[in-house]
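The sequence shown maps to residues 1 to 341 in the UniProt record's numbering.
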Amino acid sequence: MRAFAIERAAGTAEALRLGRIEAGAQDDLAAVPRFLAGGTNLLDLMKLDVMRASVLVDINDLEAEHGGIAIRDGMLHLGGLARMAAVADHPVVRRDFPILSEALWKAASPQLRNMATLAGNVLQRTRCNYFRGRQWAGCNKRDPGSGCAAKDGVNRRLAVLGTSEQCIANYPGDFAVALAGLGAEVDILGNDGGRRSLPFEALHRLPGDTPHIETELEPGELITGFRVPIGDWTRRSLYLKIRDRESYDFALASAAVALDLGPDGTVRSARIGLGGLAAKPWRSHEAEDALAGRSLDETSAQEAAEAAFASAVPHGDAAFKLDLGRRTLVRALLAAQAMEI
Ligand code: SF4
C-alpha cells in the first residue's frame with residue numbers, strides 16, 4: 001500500500017476545501033484527495049493498488065449534517081452519510097420501503113453495514129477479478145487501453161446488460177438497484193459549494209469506450225443525499241437477491257420491484273430495477289411498459305421479463321444469467337403481487 005495522509009474535516013466547507021481536485025485529475029491512479037467515510041471499498045482498492053490517494057479526507061464528522069433519515073415534501077430523504085444499518089433498520093423504511101430495507105440488509109455483513117455509508121455504497125466498484133488484480137495485464141477499467149481479460153477469461157459473474165466491447169463488468173451493489181428502480185434523485189454538492197441533483201438512474205455511466213469513468217460526478221463533488229418519491233407502490237415492494245450462497249455474497253441476479261395495483265389487480269404502474277446483471281444499476285423501463293395496464297400473472301410477468309432482457313448480450317460463462325435474470329424477475333413480480341399491505 002502506498003503512503004497517504006489523512007485529514008479530518010470538521011465541517012462541509014473544510015471537506016470541500018481539502019477535497020479539491022483539479023479538473024481531469026480523477027483517474028484512479030492519480031494521487032489526489034479522496035473522501036473517506038466508511039472506507040470499506042476504497043481502502044480495499046488502495047491496498048490492491050487499484051486506487052491511489054494523496055490525502056484521505058475523513059468526512060465522518062459531517063454525519064450530523066448529511067446523515068439524516070426523514071420524510072419531507074412527499075419524499076423519503078436519506079443522507080449520503082447515513083450508515084447502511086441505520087437505514088435498513090429504520091422503522092419507517094422497514095414498514096413503508098421494504099425494497100430499500102431488504103436491499104441494504106442483503107448487501108453486506110453486519111460489520112460492513114455498520115461502517116458503510118449510503119453514498120459510499122452506491123459508488124462501490126466492480127468485483128471483476130481482473131480489475132482488482134494487478135497481476136492481470138488487461139483491464140480497460142483499471143488501465144485504459146490495456147484490453148479486457150474477462151472477455152475470454154473468468155466471466156461467469158459479469159454483466160449481460162449495458163456492456164461494451166471495452167468492458168463487460170457488472171455493477172455489484174444492491175441498494176443502488178433499488179434506488180434506480182424507485183426513480184430516486186441524488187443530491188450532489190460541488191467543490192465550489194454549488195448544489196445539483198440528478199435522477200439516480202443517470203448517476204452511473206455505461207462503459208462504452210471509457211469504462212474507467214463510472215459516474216457523472218465531477219472531481220471533488222460529494223454526494224449529500226438521496227430523495228425517494230413516496231407513492232402507492234412503495235409499500236408493495238421487495239428486493240429479491242439470488243446468489244451462490246445465502247449470506248455475504250454479491251448478486252448473480254437480483255430484482256427490485258415496486259407495484260401499484262388497482263382494485264382488480266391491474267398494474268397501474270410497475271417500477272423495476274435489476275442487479276448483478278448489468279454494467280450499472282439498471283432500471284428496466286421495457287419491463288415496466290410491458291406490464292402497465294395489464295393483469296399480473298405468470299404470463300404477463302414472463303413477457304415483462306422477456307422485454308427486460310431483449311437487449312442482453314451474453315458473454316462466455318455468463319450466458320446462464322439471461323434465464324436466471326428472467327426467472328428472478330418473474331418470481332419477484334409475483335411475490336410483490338402477493339404481499340399483504
Ligand atoms: Fe476490466 Fe471491465 Fe474487462 Fe473486467 S470486464 S477486465 S473490469 S475491462
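Glycine is no exception: its CB is placed at the ideal position from the N, C-alpha and C atoms.
Check	Outcome
Would DSSP call Arg94 helix, strand or coil?	helix
Which word fits Phe320, buried or exposed, when buried means at least 16 other C-beta atoms lie within 10 angstroms of its C-beta?	exposed
If I follow the unbroken alpha helix (DSSP H) through His285, where does it start and stop?	His285 to Leu291
Excluding sequence positions up to five away, which residues of its chain have a Cβ less than 7 Å from the Cβ of Leu42?	Arg34, Leu36 and Met51
At a threshold of 7 Å, does Pro211 count as lining ligand 1 (C-beta to nearest heavy atom)?	yes
Identify every residue that forms a DSSP beta bridge with Ile223.	Ile188
Would you mind sorting Lys241 into buried or exposed? The rule is 16 or more other CB atoms within 10 Å of its CB.	buried
From the DSSP output, which residues share a beta bridge with Pro33?	Val55
Do you know whose CA, among Ala176, Gly181, Gln166 and Glu216, lies nearest Leu189's CA?	Glu216
For the segment 108-126 against the segment 164-173, do three or more pairs of beta-carbon atoms, one drawn from each stretch, fall closer than 8 Å, so that the two count as touching?	yes
Going by the beta-carbon positions, is the gap between Asn191 and Gly316 smaller than 8 Å?	no
From the DSSP output, in three-state form, read off Ile99 for me.	helix
So what's Pro211 in DSSP terms, helix, strand or just coil?	coil
For Ser300, which residues of its own chain have a beta-carbon under 7 Å away from its beta-carbon, when the five flanking residues on both sides are left out?	Leu291 and Arg294
Looking only at its chain, what residues have a beta carbon closer than 7 Å to the beta carbon of Leu277, apart from the 5 residues adjacent to it on each side?	Ala159, Val160, Leu161, Asn170, Ala253, Lys321 and Gly325
In angstroms with no decimal places, state the Cα-to-Cα distance between Asp28 and Ala10.	26 Å
Thinking C-beta only, is Val55 closer than 8 Å to Glu7?	yes
Once the 5 residues before and after Ala178 are set aside, which same chain residues still bring their CB inside 7 Å of it?	Ile99, Leu100, Ala103, Tyr239, Ala256 and Gly273
In angstroms, rounded to a whole number, what distance separates the CA positions of Ala332 and Leu259?	11 Å
Which residues mark the beginning and the end of the alpha helix (DSSP H) in which Lys47 is found?	Leu42 to Lys47
Let me check you understand the geometry: is the CB of residue 344 closer than 7 Å to at least one non-hydrogen atom of ligand 1?	The structure shown does not extend to residue 344, since the chain is modelled only from 1 to 341, so the question has no answer here.
Cβ of Ser237 within 8 Å of Cβ of Ala137?	no
Is the beta carbon of Arg235 sitting closer than 8 Å to the one on Ile71?	no
Starting from Val50, trace the beta strand (DSSP E) in both directions and tell me its first and last residue.	Val50 -> no beta strand (DSSP E), and no H or E assigned at all.
Using DSSP with H/G/I as helix, E/B as strand and the rest coil, what is Ala310?	coil
Once DSSP output is grouped into helix, strand and coil, what is the label at Ala9?	coil
Roughly how many angstroms separate the alpha carbons of Met115 and Ala304, rounded to a whole number?	37 Å
Cβ atoms of Leu118 and Met84: under 8 Å apart, would you say?	yes
Might you give, ordered along the chain, the residues of its own chain that have their beta carbon closer than 7 Å to the beta carbon of Lys47, omitting 5 neighbours on each side?	Met1
Regarding Gln166 and ligand 1, is the C-beta to nearest heavy atom distance less than 7 Å?	yes
How many Å lie between Arg227 and Gly153 at the Cα?	39 Å
I'd like the span of the beta strand (DSSP E) that includes Ala251, first residue to last.	Looking at the DSSP string, Ala251 is not in any beta strand (DSSP E), and its letter there is neither H nor E.
Following a CB-centred definition, is residue 360 positioned closer than 7 Å to any heavy atom of ligand 1?	This structure does not reach residue 360, given that the chain is present from 1 up to 341, and the question cannot be answered.
Give the secondary structure of residue 361 by DSSP, where H, G and I count as helix, E and B as strand, and everything else as coil.	Nothing in the structure corresponds to residue 361, since the chain is present only between 1 and 341.
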